[in-house]
Amino acid sequence: MKFRFLTAGESHGKSLCAIIEGMVAGLDISTARINEDLKRRQQGKGRGGRMQIESDTVEILSGIRFSKTTGSPISMLIKNTDFENWKIPMSVEALNLNDPEISEKVKEKVITNVRPGHADLAGALKYGAEDIRDILERSSARETATRVAVGSVAKQFLEKFGVKTESKILSIGGIDAQNENAVDDIILQAKNKGDTLGGLIRVYAYNVVAGVGSFVNWDRKLDGNLARAIMSIGAVKSVEIGLGKECAVTVGSKMHDEIKLENGKIIRPTNNAGGIEGGMSNGEPIVVTLAMKPIPTMKTPLKSVNLNTKEAIEAHFERSDTCAVEACAVVAEAMTAIILCDEYLEKFGGDSVDETLTNFKNYSLKIGERLS
Ligand code: EPS
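Our numbering applies: residue 220 is where the sequence shown begins, and numbers increase by one.
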């Protein structure tokens, strides 16, 4: 992996942050573009109260000078405005719990009622947490804001190579997204019932050059790397490439995309492969479809247990979104861009964007000759 990143930060901690390593030097980065993507992630039908509090913007701390990358690690910060209300229960320093006022504020935010569908139960068992907040804070989807910021840097790199990523909502709660009124209705119904909704999202990457990824070993396969990246988004439960699971009920003659000649050029009239064959891009648009589950934090909670007292209780609820499918689409776009950015850097190498572009142009010329 050439382009890599780590994120840190809790949902109600002081801030979220990310460090990117491996971005080449000399790439123009627009902070405004990063902020546009962050804003897109905050929008969408069915979002909850937290998004009213936050207006996510990035502060770049390193790796960029006069708007250009230097080749050094890029570090970025996104502040949690809500932290103002969480200073005591999210304190980094040990607190004087003998002070009744402080102790009360800490106790108020202790969670012992594990939420089905979230990281709470397994996380508490794994890390030995008695207060589930230690698990909830980091497993919260708030972390995806940092991924969107990293994804925006990846997108700005990919644009130099003509690659564009895009996402589309296919359905929400089983309703075709084109039927906007019905979608609005179903979200309102779910909200009134204290329930939540998931949906189907499709991500496209256009103009990806053929030959990115490889068939020679499992961990170099582009589809494998994309699937892992998309599946790593908290609420995602399935990832499909191209025709996806339909391939299981489609005969080979209808499944595979024929290779034809048109005016002496090699073309593919169909794209059931979703732009990936043999773990490599084949020059057609890359098409990834993902299913997002309904958010497990519900106003009308499911039955659960108190992990400390073993009493039957209702799962914890603080605040949640009824539906965050539109936000998830922006995150999925970001993860797709991150993987493609890494693959481009792997294939074309270099330490400055000019060097990477020169390598890319040479390769494109060569394959262009073979395809026409
Ligand atoms: C989110 C921030 C969270 C939630 C949501 C997504 O903020 P808070 O917990 O303060 O309401 O709104 O995350 C979840 C519901 C979850 O279960 O992870 C965000 O920034 O996208």
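Glycine included, every Cβ here is placed at the ideal spot set by N, Cα and C. If you're wondering where the values come from, they're calculated on a predicted model, not measured in any experiment.
Proximal residues to D573 (C-beta, below 7 Å), its chain only, five neighbours per side dropped = Here residue 573 is taken as the residue at index 354 of the sequence shown, counted from 1. So the list reads G245, once near-sequence residues are dropped.
DSSP state of S591, grouped into three classes?
-> Residue numbering aside, residue 591 sits at position 372 when the sequence shown is read from its first letter. In the three-state reduction of the DSSP assignment, S591 falls in the coil class.
Among D247, G342 and R487, nearest to K287 - alpha-carbon criterion = Here residue 287 refers to the residue found at position 68 when the sequence shown is read from its first residue. Of the listed residues, the one whose Cα sits closest to K287 is D247.
L462: which of T300, N490, I557 and L576 sits nearest, CA to CA?
-> Taking the sequence shown and counting its residues from 1, the one referred to as residue 462 is at position 243. Residue N490 is the option with its Cα nearest to L462.
Per DSSP, what kind of secondary structure is I354 in: helix, strand or coil?
-> As a working mapping, residue 354 is identified with position 135 in the sequence shown. Helix at I354.
Within the stretch 414-481, note down every full alpha helix (DSSP H) run reaching 4 residues or more, in order along the chain.
-> Qualifying alpha helix (DSSP H) stretches, in chain order: 441-450 and 471-474.
Compare the Cα-Cα distances from G336 to each of F536, A492 and E552 and report the closest residue.
-> In the sequence shown, the residue the question calls residue 336 occupies position 117. Looking from the CA of G336, the closest CA among F536, A492 and E552 belongs to F536.
Beta-bridge partners of L225, as assigned by DSSP | For this step, residue 225 is matched to residue 6 along the sequence shown. Paired residues: I238.
Pull up the distance between the alpha-carbon of E562 and that of K440, whole angstroms please.
-> Numbered from its first residue, the sequence shown carries residue 562 at position 343. Numbered from its first residue, the sequence shown carries residue 440 at position 221. C-alpha of E562 to C-alpha of K440: approximately 10 Å in a straight line.
Straight-line CA distance for G413 to V455?
-> By 1-based counting over the sequence shown, the position of residue 413 is 194. By 1-based counting over the sequence shown, the position of residue 455 is 236. For G413 and V455, the distance between alpha carbons rounds to 21 Å.
Along the chain, where does the alpha helix (DSSP H) that runs through V325 open and close?
-> The residue you call residue 325 lines up with position 106 of the sequence shown. Where V325 is concerned, the enclosing alpha helix (DSSP H) stretches over P319 to E327.
At what residues does the alpha helix (DSSP H) containing V507 begin and finish?
-> Position 288 of the sequence shown, counted from the start, is the residue given in the question as residue 507. Careful: V507 lies outside any alpha helix (DSSP H), inside the beta strand (DSSP E) at I505 to M511.
For K585, does the count of other Cβ atoms within 10 angstroms reach 16, so buried, or fall short, so exposed?
-> Position 366 of the sequence shown, counted from the first residue, corresponds to residue 585. With fewer than 16 Cβ atoms within 10 Å of its Cβ, K585 is classed as exposed.
Look at the Cβ atom of V431, then the Cβ atom of I239, and state whether they are nearer than 8 Å.
-> As a position in the sequence shown, residue 431 is number 212, starting the count at 1. As a position in the sequence shown, residue 239 is number 20, starting the count at 1. Between V431 and I239, the C-beta spacing is not below 8 Å.
So who's on the other strand from D570, going by DSSP bridges?
-> Residue mapping note: residue 570 aligns to position 351 of the sequence shown, counting from 1. Secondary-structure assignment with DSSP links D570 through no beta bridge to anything.
Go ahead and label L480 buried or exposed: buried means 16 or more other beta carbons lie within 10 angstroms of its beta carbon, across all protein chains shown.
-> The residue given as residue 480 occupies position 261 in the sequence shown. Exposed, because fewer than 16 other Cβ atoms sit within 10 Å of the Cβ of L480.
Can at least three beta-carbon pairs, one atom from the stretch 519-539 and one from the stretch 337-354, be found at a separation below 8 Å?
-> In short, these stretches touch, since the Cβ pair count reaches three.
How far does the alpha helix (DSSP H) with M270 in it reach, from first residue to last?
-> Along the sequence shown, read from residue 1 onward, the residue named residue 270 stands at position 51. For M270, the enclosing alpha helix (DSSP H) starts and ends at R269 to I272.
Would you tell me roughly how many angstroms separate the C-alpha atoms of G502 and E303, rounded to the nearest one?
-> One-based indexing of the sequence shown puts residue 502 at position 283. One-based indexing of the sequence shown puts residue 303 at position 84. If I take the Cα positions, the gap works out to 49 Å.
Hey, is the stretch 417-425 in contact with the stretch 380-395, meaning 3+ C-beta pairs nearer than 8 Å?
-> Counting Cβ pairs under 8 Å, three or more are found: they touch.
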